[in-house]
Amino acid sequence: MAKMEVKTSLLDNMIGVGDMVLLEPLNEETFINNLKKRFDHNEIYTYIGSVVVSVNPYRSLPIYSPEKVEDYRNRNFYELSPHIFALSDEAYRSLRDQDKDQCILITGESGAGKTEASKLVMSYVAAVCGKGAEVNQVKEQLLQSNPVLEAFGNAKTVRNDNSSRFGKYMDIEFDFKGDPLGGVISNYLLEKSRVVKQPRGERNFHVFYQLLSGASEELLNKLKLERDFSRYNYLSLDSAKVNGVDDAANFRTVRNAMQIVGFMDHEAESVLEVVAAVLKLGNIEFKPESRVNGLDESKIKDKNELKEICELTGIDQSVLERAFSFRTVEAKQEKVSTTLNVAQAYYARDALAKNLYSRLFSWLVNRINESIKAQTKVRKKVMGVLDIYGFEIFEDNSFEQFIINYCNEKLQQIFIELTLKEEQEEYIREDIEWTHIDYFNNAIICDLIENNTNGILAMLDEECLRPGTVTDETFLEKLNQVCATHQHFESRMSKCSRFLNDTSLPHSCFRIQHYAGKVLYQVEGFVDKNNDLLYRDLSQAMWKAGHTLIKSLFPEGNPAKINLKRPPTAGSQFKASVATLMKNLQTKNPNYIRCIKPNDKKAAHIFNEALVCHQIRYLGLLENVRVRRAGYAFRQAYEPCLERYKMLCKQTWPHWKGPARAGVEVLFNELEIPVEEYSFGRSKIFIRNPRTLFKLEDLRKQRLEDLATLIQKIYRGWKCRTHFLLMRKSQIVIAAWYRRYAQQKRYQQIKSSALVIQSYIRGWKARKILRELKHQKRCEEAATTIAAYWHGTQVRREYRKFFRANAGKKIYEFTIQRIVQKYFLEMKNKMPSLSPIDKNWPSRPYLFLDSTHKELKRIFHLWRCKKYRDQFTDQKKLIYEEKLEASELFKDKKALYPSSVGQPFQGAYLEINKNPKYKKLKDAIEEKIIIAEVVNKINRANGKSTSRIFLLTNNNLLLADQKSGQIKSEVPLVDVTKVSMSSQNDGFFAIHLKEGSEAASKGDFLFSSEHLIEMATKLYRTTLSQTKQKLNIEISDEFLVQFRQDKVCVKFIQGNQKNGSVPTCKRKNNRLLEVAVP
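Per this note's numbering, the sequence shown starts with residue 179, numbered consecutively.
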């Protein structure tokens, strides 16, 4: 079953008044109180007709979920409580269904939530429009353009942690079905002065901090940057970190967004290189120098920063250094080069940084437009979203605030015009008489600023272009002359000033009476900021850059396209942009969102009435309400009006059969509402005074209470009747079930009684049969027993003589068999462990089993030895065979043998195959290496030792140098005749060679090794394997060794050694070599 939709109205359960047009009485105090009451109940949206007023809650509210999107989708604007989604849906449906281009104008001061409002509008449109892979890609690109522009165009200010420092207008293009095709973004007046200087408590643009916080070390090194913010003069340190903002994570988000929007990898890298160059420009410092002709010039203090900038941008260092020190002025065919002093050099540096960043931002906008523009040529529907700075009144207002407020004057002008136009069109469409509405027309203020002959911007341009000395003071003098009589212009020297003697109005200021209030402007900096001058030398230096992006940003630097005409001023460019914007907005159906900041602390639940009052005034909200309700305060289509109020008239309740308008006429006549309080249009009823609407609401509320009482009465009666009928029906059912239960119970009792009687009878019969069977069985058993006894008697009589002759032998054999059986069962439980070295064995129980007991012990030992051997691998068997061989050779003969028993024989101690040091030695030996060990070779002349690598292969014995790995000697195993060693605890041994062999030319070998037992054993086994002859192992404390032609006696003696437990060898004479063993 489908879930029933419950549609509510703007007028249902209102907190305060949802539409300010219905506010009674209407004044500033009631307006603010209504906003505050709704704000305290988390109702941050309020209507003024079709205008949405949004109060920034400074916290997340659960009113933007997908469920909320579905609630407001395809609903009437006034059907639900005020919400930004209602305005977004109204604009989208008008564009899709009525083929009307739309624009959504979002205004308010910094921190009021304009940027978030524009995101919500775009996210709602993205959620309700069509689906599909291509459409989703377009939506994703449109949404992901926001993080990129916010990173490069937003900054932390004292009023807002994510303040937009530029104006943005986005045209989203749709096809005939309402699916997005693409978009075009326009930007206005980036606050580029922030690049070089920020007010206290504020930050530079986000991208600088995101780059230093989130870039990898590799990227920072490539950009020649360091992570420390304090290293850069263009970054303010007092607010470098913002609570709740993760710059590193935001950097990753921006990189991902650039990829989604369509930036190539090399383009993203180029953008970051330009950002790094701007950062490093701020670290260039100048020092003064005096020339011979007395003129002051500047020099760069530390050229390292300049060098790194040139490496980043591909500019020749000398070219950029000259551009910072000289300025070339061209007039007709002449060129004049002048030096720059320190102040001018710093101005040139800052101007370059501002222009470089500003042009990069414009390039980013154009690059995003290339990616998100519609690819098809079909006719498009357009929805524009304008997110632009609101009216600004600071303590110190300069050129930026002047043109921002000029833009807001133009927006207010078009707002009033379009609102009046919309009202007039609706009156004409509904055939209602139009009456003239008095309102303040701010065209006179716009004319004061933008007039082409005597407007402030025109005079500023004229002053900037005028030859001679031009200062801010001369500009102010000109304003005093031309605008002195204007009623909205005031200065200390103007004729109409009422503050002529008021010293609070400084000489260097002028005041303009804007629609939102009076603003005092500091004239200082107006001329320079309007000129926005970048020396031609710097433009030409940038054009010569090897960096493709930077070169494209400065086309005027191309010497082939040099233009001596002065570039347009900042004011004239902005004026032209605003004119284009106004022309664009006038072609579209407007929708307004007015954003209000409730406090300056950026804190939730705080509502500063004075601050809100100030914003209400300069946003002109009261003026908007008055214009809206100047004729009829409320209007509604006939169908929803009749549906809402039909219960107030018996003729229309519960259903009206005729046209809705006729029903509304009957209803209003029945209620006797004065005819001057309402008027009937073609499709709507118009109500003049909010009091009439509230009277209708009160009557409806009372009637709903009466209807609720009636519904309750009818419901209670129905409920009681239903309950009675249910009880009656239940009593009948219960009675029927009880009778059934009683009969079933009686039947079960009779049945159980019959079963008991039957069981007793069957039991008696069974017992009777059992008794008869038992008697019969006993008779048969008795007969059988008697017969058995009789037969037994007969047999015993027959065989008695045979039994007496063989009884002794049988008893003996049985006894012996029983004893042996008992012996084996006891042995089974007393068996020792399976370890071959376990000597335990159970004691002998009987003397006659002595030989059997010993044989069992022998057999068990052989069996467990076999079981133990079966566990060995081939490698382990070989080790034990070697150990067994060593035992036979050295046990009880050599004192060193017991210590070698527990040591495994490894053989390859040097790991020649793995060690690259012995690669040459490994390549020289083709056979398998059995032993690779470092030994000490005893010198034949003096008894001293030298380290050698001892190698034993299947056929040869080799000696190699330990350091170089070069083979020194190679002896075939067939030439080895004997191995001699002492019986003591030392590692000396001699290898005797066959006389006459080539290897014996220098005599026998005398060695010392820590692994003597292993080496002698492996040598013995290898020789036996190859020659089939046993090698003679001589163990004696004196033996002869052949050294060349002499025989030398090696004698082992006991003695105290200086080296502790290390044996020493010493040559006593030509015939004696003495080894002292500790």
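Every residue, glycine too, gets a C-beta built ideally from N, C-alpha and C. Just so you know, these numbers come straight off a predicted model, no measurement behind them.
Same chain, Cβ closer than 7 Å to Gly308, five either side skipped, listed in chain order
For the purposes of this step, residue 308 is taken as the residue at position 130 of the sequence shown. Apart from sequence neighbours up to five positions away, the residues of its chain that approach Gly308 with a beta-carbon distance below 7 Å are Lys355, Gly356 and Asp357, ordered along the chain.
Give me, in chain order, the residues of the same chain whose beta-carbon lies closer than 7 Å to that of Tyr250; leave out the 5 immediate sequence neighbours on both sides.
Along the sequence shown, one-based indexing puts residue 250 at 72. In the same chain as Tyr250, and ignoring 5 residues on each side of it, the C-beta atoms closer than 7 Å to its own belong to Leu258, His261, Phe263, Ala264 and Asp267, in chain order.
Given Val326 as reference, the closest of Pro684, Leu542 and Leu1040 once Cα atoms are compared
If you number the sequence shown from 1, residue 326 lands on position 148. Considering only Pro684, Leu542 and Leu1040, the residue with the shortest C-alpha distance to Val326 is Leu542.
In the DSSP assignment, find the beta strand (DSSP E) that holds His261 and state where it starts and stops.
Taking the first residue of the sequence shown as position 1, residue 261 is located at position 83. Going by DSSP, His261 is part of no beta strand (DSSP E) at all; its letter is neither H nor E.
If you reduce the DSSP assignment to three classes, tell me which class Arg1249 lands in.
Taking the sequence shown and counting its residues from 1, one reaches residue 1249 at position 1071. Annotated three-state conformation of Arg1249 is coil, per DSSP.
Starting from the C-beta of Phe677, find all residues in its chain whose C-beta is less than 6 Å away, skip the five residues before and the five after it, and write them out in chain order.
Within the sequence shown, the letter at position 499 stands for residue 677. Because the pLDDT of Phe677 is 45, which lies under 50, any placement of that residue in the model is unreliable, and the question is left without a value.
Residue closest to Pro1241, alpha-carbon to alpha-carbon, out of Asn1248, Asn1247, Phe1230 and Leu1250:
Locating residue 1241 in the sequence shown gives position 1063, where the first residue counts as 1. Residue Phe1230 is the option with its Cα nearest to Pro1241.
What is the rounded straight-line gap between the Cα of Val560 and the Cα of Arg274?
Working through the sequence shown from its first residue, we reach residue 560 at position 382. Working through the sequence shown from its first residue, we reach residue 274 at position 96. Taking the straight line joining both Cα atoms gives about 10 Å.
Restricting to runs no shorter than 4 residues, where is the alpha helix (DSSP H) found entirely within the segment 359-425?
You should have 384-392 and 395-400.
With three or more C-beta pairs closer than 8 Å as the rule, is the segment 451-465 touching the segment 520-535?
Cβ pair count under 8 Å is three or more, so yes.
Taking only three categories from DSSP, how would you classify Leu204?
The sequence position of residue 204 within the sequence shown is 26, counting from 1. Reduced to three states, the DSSP call for Leu204 is coil.
Assuming Arg527 is part of the alpha helix (DSSP H), what are its boundary residues?
As a position in the sequence shown, residue 527 is number 349, starting the count at 1. First-last of the alpha helix (DSSP H) with Arg527: Val520 to Ile550.
Tell me which residue opens and which closes the beta strand (DSSP E) that Gly345 is part of.
Numbered from its first residue, the sequence shown carries residue 345 at position 167. Its beta strand (DSSP E) spans residues Gly345 to Phe352.
Between Leu415 and Phe407, what straight-line distance do the alpha-carbon atoms span, to the nearest angstrom?
Numbered from its first residue, the sequence shown carries residue 415 at position 237. Numbered from its first residue, the sequence shown carries residue 407 at position 229. Roughly 7 Å separates the two Cα atoms.
Where does Asn314 fall in DSSP's three states?
Indexing the sequence shown from 1 puts residue 314 at position 136. If DSSP states are grouped into helix, strand and coil, Asn314 belongs with the helices.
Extent of the continuous beta strand (DSSP E) run through Glu467
Sequence index remark: in the sequence shown, residue 467 carries index 289 (1-based). Judged by DSSP secondary structure, Glu467 falls within the beta strand (DSSP E) whose first and last residues are Phe464 to Ser468.
Using a Cβ-Cβ cut-off of 7 Å (strictly less than) and excluding sequence neighbours within five positions of Phe330, which residues of its own chain qualify?
Walking along the sequence shown from the start, residue 330 turns up at place 152. Within the same chain, Phe383, Val385, Phe539 and Leu542 come within 7 Å of Phe330 by CB-CB distance, once the 5 residues on both sides are set aside.
Exposed unless 16 or more other CB atoms sit within 10 angstroms - verdict on Val1228:
Residue 1228 sits at position 1050 when you count from the first residue of the sequence shown. Classification for Val1228: buried.
Helix, strand or coil for Tyr856? Go by DSSP, reduced to three states.
Numbered from its first residue, the sequence shown carries residue 856 at position 678. DSSP places Tyr856 in strand when its eight states are reduced to three.
Suppose the cutoff is 6 Å on Cβ atoms and the five residues either side in sequence are ignored; what does the same chain contact list for Phe255 look like?
Counting from 1 along the sequence shown, the entry for residue 255 is found at position 77. Only residues of its own chain outside the window of five on either side were considered, and among them Ala264 and Glu268 have a CB closer than 6 Å to the CB of Phe255, listed in chain order.
By DSSP's criteria, Gly695 is part of a beta bridge. Which residues make up the other side?
Counting from one through the sequence shown, the residue named residue 695 turns up at place 517. Answer is His692.
Starting from the C-beta of Asp339, find all residues in its chain whose C-beta is less than 6 Å away, skip the five residues before and the five after it, and write them out in chain order.
Against the sequence shown, residue 339 aligns to sequence position 161. For Asp339, same chain residues with a beta-carbon under 6 Å away, outside a window of 5 residues either side, are Val420 in chain order.
For Asn332, which of helix, strand or coil comes out of DSSP?
For the purposes of this step, residue 332 is identified with residue 154 of the sequence shown, where counting begins at 1. DSSP places Asn332 in strand when its eight states are reduced to three.
Who are the Cβ neighbours of Val556 in its own chain at under 7 Å, not counting the five residues just before and after it?
The residue labelled residue 556 in the question sits at position 378 within the sequence shown. Closer than 7 Å at Cβ, skipping near neighbours: Asp353.
Give me, in chain order, the residues of the same chain whose beta-carbon lies closer than 6 Å to that of Gln390; leave out the 5 immediate sequence neighbours on both sides.
Position 212 of the sequence shown, counting from 1, holds the residue named residue 390. It should be noted that the sequence gives Leu, not Gln, for residue 390. Taken in chain order, the residues that qualify are Arg405.
Compare the Cα-Cα distances from Ile582 to each of Glu573, Gln590, Gly568 and Arg924 and report the closest residue.
Reading the sequence shown from its first residue, position 404 is the one you call residue 582. When only C-alpha atoms are compared, the closest one is Gly568.
From which residue to which residue does the beta strand (DSSP E) around Lys1115 run?
Within the sequence shown, numbered from 1, the residue matching residue 1115 stands at position 937. Ile1107 to Ile1116 is the span of the beta strand (DSSP E), which, as asked, contains Lys1115.
Over what stretch of residues does the beta strand (DSSP E) that includes Leu1135 continue unbroken?
Indexing the sequence shown from 1 puts residue 1135 at position 957. For Leu1135, the uninterrupted beta strand (DSSP E) run begins and ends at Asn1134 to Asp1139, by DSSP.
Cα-Cα separation, Leu1250 to Glu1212:
Residue numbering aside, residue 1250 sits at position 1072 when the sequence shown is read from its first letter. Residue numbering aside, residue 1212 sits at position 1034 when the sequence shown is read from its first letter. If I take the Cα positions, the gap works out to 19 Å.
Assuming Ala781 contacts Tyr223 under a Cβ cut-off of 8 Å, what Cβ separation, rounded to an integer in Å, is found between them?
Counting from 1 along the sequence shown, the entry for residue 781 is found at position 603. Counting from 1 along the sequence shown, the entry for residue 223 is found at position 45. Not quite, the Cβ-Cβ distance comes to about 20 Å (not below 8 Å), so this is no contact.
Is the CB of Lys246 under 9 Å away from at least one CB in chain B?
Chain labels in this structure do not include chain B; a single protein chain is all it has.
Counting only runs of 4+ residues fully inside the segment 1048-1087, write out the alpha helix (DSSP H) ranges in chain order.
Counting whole runs of 4 or more residues, the segment 1048-1087 contains the alpha helix (DSSP H) stretches 1052-1068 and 1075-1079.
Count Cβ pairs between the segment 1127-1139 and the segment 1037-1053 that sit closer than 8 Å; are there 3 or more?
A contact is defined here as three or more CB-CB pairs under 8 Å, and the segment 1127-1139 fails this definition with respect to the segment 1037-1053.
Does the count of Cβ pairs from the segment 1098-1111 and the segment 1163-1181 closer than 8 Å reach three?
Look at the beta carbons and you see the segment 1098-1111 not touching the segment 1163-1181: under three pairs across the two are nearer than 8 Å.
May I have the straight-line CA-CA distance separating Ile169 from Val756, to the nearest angstrom?
The chain is shown only over 179 to 1256; residue 169 falls outside these bounds and no answer can be derived.
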